[in-house]
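Undergrad: Submitted below is the structure of interest, expressed as structure tokens.
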Amino acid sequence: RVVLGTSALDEGFVKRMGWRFGKKIIVGIDAKDGIVRTKGWMQKTNFKAVDFARRLEDTGIGGIIYTDIAKDGMLEGPNITELESMLKVTSLGVIASGGVSALEDITELKALESRGLVGVIIGKALYDGRIDLAEAVRLC
Numbered sequence: 710r711v712v713l714g715t716s717a718l719d720e721g722f723v724k725r726m727g728w729r730f731g732k733k734i735i736v737g738i739d740a741k742d743g744i745v746r747t748k749g750w751m752q753k754t755n756f757k758a759v760d761f762a763r764r765l766e767d768t769g770i771g772g773i774i775y776t777d778i779a780k781d782g783m784l785e786g787p788n789i790t791e792l793e794s795m796l797k798v799t800s801l802g803v804i805a806s807g808g809v810s811a812l813e814d815i816t817e818l819k820a821l822e823s824r825g826l827v828g829v830i831i832g833k834a835l836y837d838g839r840i841d842l843a844e845a846v847r848l849c
């Protein structure tokens, strides 16, 4: 799969990529306080993350990676509230990213699977040894 970030703000580009490559295209939505950030999280946009997700519905892409950048790398747990909001507005599969710090977080995220959560990205917690990968896979 290919993940589009900042370039995904160009709606025509996303549609062309979605029509051409279909489910192989994923859009990364990075947000802080529910607002999309671009250019390596440095530029604040005028788009709410949920509105942006809604706009992606008919583009033919394979899903969304939603990263709450305020949580990313902080090991404070994922932003469940924002993830639930995202899952309410899109039928696209959503991969959660940011804040996962313990197996309990994975269990909590697993409960969102029936609502469209299709994956979890774990970073720092794996590097720090806080989460055992085999155990995380077993939970999923």
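Numbering of the sequence shown is given in the working numbering, commencing with residue 710 and proceeding in unit increments.
For glycine and all other residues, C-beta sits at the position ideal for the given N, C-alpha and C.
Quantities reported herein were computed from a predicted structural model and do not represent experimental measurements.
What does a CB cutoff of less than 8 Å around Leu765 pick up in its chain, not counting 5 residues either side in sequence?
TA: Residue numbering aside, residue 765 sits at position 56 when the sequence shown is read from its first letter. Closer than 8 Å at the Cβ level, and outside the excluded window around Leu765, lie Ala717, Val723, Val736, Ile773, Thr799, Leu801.
Undergrad: Can you tell me whether Asp760 is helix, strand or coil according to DSSP?
TA: For this step, residue 760 is matched to residue 51 along the sequence shown. When DSSP states are grouped into helix, strand and coil, Asp760 belongs to the helix group.
Undergrad: Check each candidate in Asp767, Thr816, Gly825 and name the one with the smallest Cα separation from Glu793.
TA: Taking the sequence shown and counting its residues from 1, the one referred to as residue 793 is at position 84. The shortest C-alpha to C-alpha distance from Glu793 to any of Asp767, Thr816, Gly825 is the one to Gly825.
Undergrad: I'd like the ranges of any alpha helix (DSSP H) spanning at least 4 consecutive residues and lying wholly in the segment 789 to 822.
TA: 789 to 798, 812 to 819
Undergrad: Give me the Cα-Cα distance between Thr756 and Pro787, rounded to the nearest whole angstrom.
TA: For the purposes of this step, residue 756 is identified with residue 47 of the sequence shown, where counting begins at 1. For the purposes of this step, residue 787 is identified with residue 78 of the sequence shown, where counting begins at 1. The sequence shown places Phe at residue 756, not Thr. A straight line joining the alpha-carbon of Phe756 with that of Pro787 spans about 21 Å.
Undergrad: In chain order, what residues of the same chain lie with their CB nearer than 6 Å to the CB of Lys741, ignoring the 5 residues before and after it?
TA: The residue given as residue 741 occupies position 32 in the sequence shown. Ile778, Ala779, listed in sequence order.
Undergrad: For Leu835, which residues from the same chain have a beta carbon less than 7 Å from its beta carbon, with the 5 sequence-adjacent residues on both sides left out?
TA: As a position in the sequence shown, residue 835 is number 126, starting the count at 1. These residues qualify, in order along the chain: Leu842.
Undergrad: Anyone know if the C-beta pair for Ile734 and Gly743 falls short of 7 Å?
TA: For the purposes of this step, residue 734 is taken as the residue at position 25 of the sequence shown. For the purposes of this step, residue 743 is taken as the residue at position 34 of the sequence shown. Result no, Cβ atoms of Ile734 and Gly743 do not sit closer than 7 Å.
Undergrad: For Arg763 and Met795, I'd like the C-alpha separation in whole angstroms.
TA: Here the question's residue 763 lines up with position 54 in the sequence shown. Here the question's residue 795 lines up with position 86 in the sequence shown. About 9 Å.
Undergrad: How would you write the range of the alpha helix (DSSP H) that Ala717 sits in, first residue to last?
TA: Position 8 of the sequence shown, counted from the first residue, corresponds to residue 717. Ala717 -> no alpha helix (DSSP H), and no H or E assigned at all.
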